[in-house]
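Q:
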Amino acid sequence: MSIENLTSTQTKELLAIALTMLAGFIARTLVSDEPFNVKRFFGEMILSIMFGGAIYAFGIIQSMDFWHTFLIALLSGMGTTRSIEWLIKASKISKGQ
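Read in order, the letters of the sequence shown are residues 0 to 96 in this note's numbering.
1. For my contact list, Ala15 and Phe57 are in at a C-beta cut-off of 8 angstroms; report their separation, rounded to the angstrom.
2. How is Ser47 classed by DSSP in three states: helix, strand or coil?
3. Going by alpha carbons, who is nearest to Ile25 out of Glu84, Leu46 and Gln9?
4. Val30 by DSSP, collapsed to three states: which one?
5. Once you ignore the five residues that flank Phe65 on each side, which residues in its own chain have a CB closer than 8 angstroms to its CB?
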C-alpha cells in the first residue's frame, strides 16, 4: 500500500498510533528513576514512531476499533524500547559478549 492510497480514516489511525506510542514513551520516561539523556530520549521517540508504523503496516490492528487501537499503541509505546533493550542484551549473551 502506497502512501497515496491511504484514506482519511487510515491516515488518522496511523497518526493516532504514532502519537499514542510517543505519549506512552514520554510518560514512561517521566516516571522512570533513570537520569534524563537527551540523545537517548530522541532515539527512543524515533523508535516508538517506527514501531507504530510497523504495527500499522503489517495490518495487526486492522480489525480493531479506535479505542482498541489506542490501547495497543499506548501499551506498545511504554514497552517497545525496553523490549528492544532486552533483545539486544539476549543476543549479546548468546554470542558470548
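The C-beta atom is built at its ideal place from N, Cα and C for all residues, glycine as well.
A: For this structure:
1. About 17 angstroms; that fails the 8 angstroms criterion.
2. helix
3. Leu46
4. coil
5. Glu12 and Ala15
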